[in-house]
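Worksheet: the structure to be examined is printed underneath.
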Amino acid sequence: MASRKGRSLLAVLAIVTLAGCGTAAGEGPDAPGSQIRYIVPFSSGGGTDTAARETARTLTGTGIARGDVYVENLPGAGGLLGIQTLARQGDDNTLMQWVDVLAPLYREGAPVGLDDLRPVAQLATSPMVVVTGADSRLRTFQDLLDGMAAGEVTFGLSSTLQSKEPSKWKEIAEARGIDPAGLNFVPSEGVAQVIPDVVSERIDVALVVPTLARSYLNKRELRALGITADERLQSLPDVPTLREQGVSTSYYRAQGVIMSAKASDDAVAYWAEALRAVSRSEEWAEYAEKNGLLVQYKGPEEYAEWLRTEGATFGRYLRERD
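Using mature numbering (1 follows the signal peptide of the UniProt record, and there is no 0), the letters of the sequence shown map in sequence onto residues -24 to -1, 1 to 298.
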């Protein structure tokens, strides 16, 4: 845990960063505390970290919430370090940015589970872009399927083998009658490692969030073979969906916020409404469009139900894999 001096410095830095982003904070209702700790269980620079910082800016910069929000990155063990910190230390003044269904909750003997946490709200979802190197032999999604069937494709993962990505590749393979046992996965410590590996063709394909994919596509360092959305994105209109290419699989990574089970009902209700206001703001709409997110708000009960349903499916995948 950061020292009190370190935490104070983080707060000051966050205040400086958030200054000038819209109307002055103080127009909205009082937050549960004057200093809000916003944990990101991953390194800075990724999609989850970016979403958390935009949420914090919108909360304070538009006056939706009063109080100083400071973002703290606690990466480690696929998100487990941050999750454990939230479960043990979280209170009415502690939030965490949450993405999709995090594997550490569903591994055998996991030290923390969903019952130790309180879902607050989903803000948006993001499909994934299937990318390969610009000069790759895989020119189309059908080339990828043929390579999968022949066991000749390597799949880069932004996390471990016990993450959501392998389960989606397995689903794609099974949808086309391909034995998923022959899929060759290459785990990594994050997307910052995966993208250079795809660009250099050390690995063949990977799933990347639209905002990261687009910058490499524009530089012609990557080629997009498809997107896991039900419809094409306005920000990537030339990238066909998997459904257009004969695969019914879709995949969205939900961006949301959770708290510790220790948080009070009043605090959860407060933040749920504050985050609803964030999701309706012009600032969040602009951020979502720019980053390929689809704004889809869910309140505490609906978001919790989604997490339970997705978690049950993912848990079955992990048990079958073992």
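The beta carbon of each residue, even a glycine, is placed where N, CA and C say it ideally should be. Here the structure is a predicted model, which is why all the values come from computation and not from measurement.
Kindly give me the distance between the Cβ atoms of L114 and L201, rounded to whole angstroms, as I take these residues to be in contact under 8 angstroms. What you label residue 114 is simply residue 138 of the sequence shown in a count that begins at 1. What you label residue 201 is simply residue 225 of the sequence shown in a count that begins at 1. With 8 angstroms as the limit, L114 and L201 qualify as a contact, their Cβ atoms being about 7 angstroms apart.
What whole-angstrom Cβ distance do D92 and A243 have, given they're in contact under 8 angstroms? Within the sequence shown, numbered from 1, the residue matching residue 92 stands at position 116. Within the sequence shown, numbered from 1, the residue matching residue 243 stands at position 267. With 8 angstroms as the limit, D92 and A243 do not qualify as a contact, their Cβ atoms being about 16 angstroms apart.
Hey, how far is the Cα of S139 from the Cα of Q73? Your numbering for residue 139 matches position 163 in the sequence shown. Your numbering for residue 73 matches position 97 in the sequence shown. Looking at the backbone, the Cα of S139 and that of Q73 are separated by about 17 angstroms.
For the 8 angstroms Cβ check, are there 3 or more pairs between the region 206 to 226 and the region 166 to 184? no
Own chain partners of E3 with C-beta closer than 6 angstroms, once the 5 adjacent residues on each side are dropped: Translated into positions along the sequence shown, residue 3 becomes position 27. Bear in mind that the predicted position of E3 carries a pLDDT of just 49, short of 50, making it unreliable; the figure below should be weighed with that in mind. Only G39 meet the Cβ criterion.
Can you give me the start and stop residues for the beta strand (DSSP E) that S10 sits inside? As a working note, residue 10 is residue 34 in the sequence shown. Residues 6 to 16.
Is it true that the CB of P163 sits closer than 8 angstroms to the CB of V105? Mapped onto the sequence shown, residue 105 falls at position 129. Mapped onto the sequence shown, residue 163 falls at position 187. Going by beta carbons, V105 and P163 fall outside the 8 angstroms limit.
I'd like the list of long-range same chain contacts for I203, defined as Cβ closer than 8 angstroms, with 5 residues on each side in sequence excluded. Position 227 of the sequence shown, counting from 1, holds the residue named residue 203. Correct list, in chain order: P103, M104, V105, V106, P186, L209, L212, V215, P216, T217, L218.
How close, in whole Å, do the beta carbons of Q98 and W282 come, if the pair is a contact with beta carbons under 8 angstroms? Walking along the sequence shown from the start, residue 98 turns up at place 122. Walking along the sequence shown from the start, residue 282 turns up at place 306. So it is a contact: roughly 7 angstroms between Cβ atoms.
Give me the Cβ distance between A7 and G43, rounded to the nearest whole Å; I'm assuming they're in contact under 8 angstroms. Mapped onto the sequence shown, residue 7 falls at position 31. Mapped onto the sequence shown, residue 43 falls at position 67. Rounded, the Cβ-Cβ distance is 4 angstroms, consistent with contact.
So for residue 381, helix, strand or coil by DSSP? The requested residue 381 does not occur in the structure, where the chain is confined to residues -24 to 298.
Check for me: the alpha helix (DSSP H) holding K144 runs from which residue to which? Taking the sequence shown and counting its residues from 1, one reaches residue 144 at position 168. Per DSSP, K144 belongs to the alpha helix (DSSP H) from 140 to 151.
Put Y82 into one of helix, strand or coil per three-state DSSP. Within the sequence shown, the letter at position 106 stands for residue 82. Coil at Y82, not helix or strand.
Kindly indicate which three-state DSSP category V181 falls into: helix, strand or coil? Here residue 181 refers to the residue found at position 205 when the sequence shown is read from its first residue. Strand.
Going by beta carbon distance, what residues of the same chain come within less than 6 angstroms of P51, once the five residues before and after it are set aside? Translated into positions along the sequence shown, residue 51 becomes position 75. Taken in chain order, the residues that qualify are F18, S19.
Pick out whichever of E141, A28, K266 has its Cα sitting closest to the Cα of T225. What you label residue 225 is simply residue 249 of the sequence shown in a count that begins at 1. Looking at the Cα atoms, E141 is the closest of the given residues.
Could you tell me the boundaries of the beta strand (DSSP E) in which G202 lies? On the sequence shown, residue 202 is found 226 positions in, with the first residue counted as 1. From DSSP, the beta strand (DSSP E) with G202 extends over 198 to 203.
How should E30 be labelled, buried or exposed, when 16 other C-beta atoms within 10 angstroms of its C-beta is the threshold for buried? Residue mapping note: residue 30 aligns to position 54 of the sequence shown, counting from 1. So E30 ends up on the buried side.
Any idea if T70 is buried or exposed, counting beta-carbon neighbours within 10 angstroms, 16 or more meaning buried? Working through the sequence shown from its first residue, we reach residue 70 at position 94. So T70 ends up on the buried side.
Less than 7 angstroms between C-beta atoms, sequence neighbours within five positions excluded: which residues of the same chain meet that for S112? Counting from 1 along the sequence shown, the entry for residue 112 is found at position 136. The answer, listed in chain order, is E177, D180, R199.
Just the Cα atoms here: how many angstroms apart are E197 and D25? Reading the sequence shown from its first residue, position 221 is the one you call residue 197. Reading the sequence shown from its first residue, position 49 is the one you call residue 25. Cα to Cα, E197 sits roughly 24 angstroms from D25.
Quick test of your reading: I234 and P87, contact by CB under 8 angstroms. State the CB separation rounded to the nearest angstrom. Residue numbering aside, residue 234 sits at position 258 when the sequence shown is read from its first letter. Residue numbering aside, residue 87 sits at position 111 when the sequence shown is read from its first letter. I234 to P87, Cβ: 17 angstroms. No contact.
Please go through the region 211 to 289 and give each complete alpha helix (DSSP H) segment of 4 or more residues, from N-terminal end onward. 241 to 255, 258 to 266
Using 8 angstroms as the threshold, is the C-beta distance between A151 and V254 below it? In the sequence shown, the residue the question calls residue 151 occupies position 175. In the sequence shown, the residue the question calls residue 254 occupies position 278. Cβ atoms of A151 and V254: not closer than 8 angstroms.
Am I right that V182 and F131 are in contact with their C-beta atoms under 8 angstroms? What's the rounded C-beta distance? The residue given as residue 182 occupies position 206 in the sequence shown. The residue given as residue 131 occupies position 155 in the sequence shown. For the record, residue 182 in the displayed sequence is Ala; it is not Val. Between F131 and A182 the Cβ distance is about 7 angstroms, and since that is below 8 angstroms, they are a contact.
According to DSSP, is P51 helix, strand or coil? As a first step, residue 51 must be located in the sequence shown, where it is residue number 75. DSSP places P51 in coil when its eight states are reduced to three.
Is the beta carbon of G287 closer than 8 angstroms to that of Y82? Mapped onto the sequence shown, residue 82 falls at position 106. Mapped onto the sequence shown, residue 287 falls at position 311. Cβ distance < 8 angstroms, so Y82 and G287 count as in contact.
Suppose you measure from the CA of G89 to the CA of W260; what does that come to, to the nearest Å? Locating residue 89 in the sequence shown gives position 113, where the first residue counts as 1. Locating residue 260 in the sequence shown gives position 284, where the first residue counts as 1. Approximately 30 angstroms between the Cα atoms of the pair.
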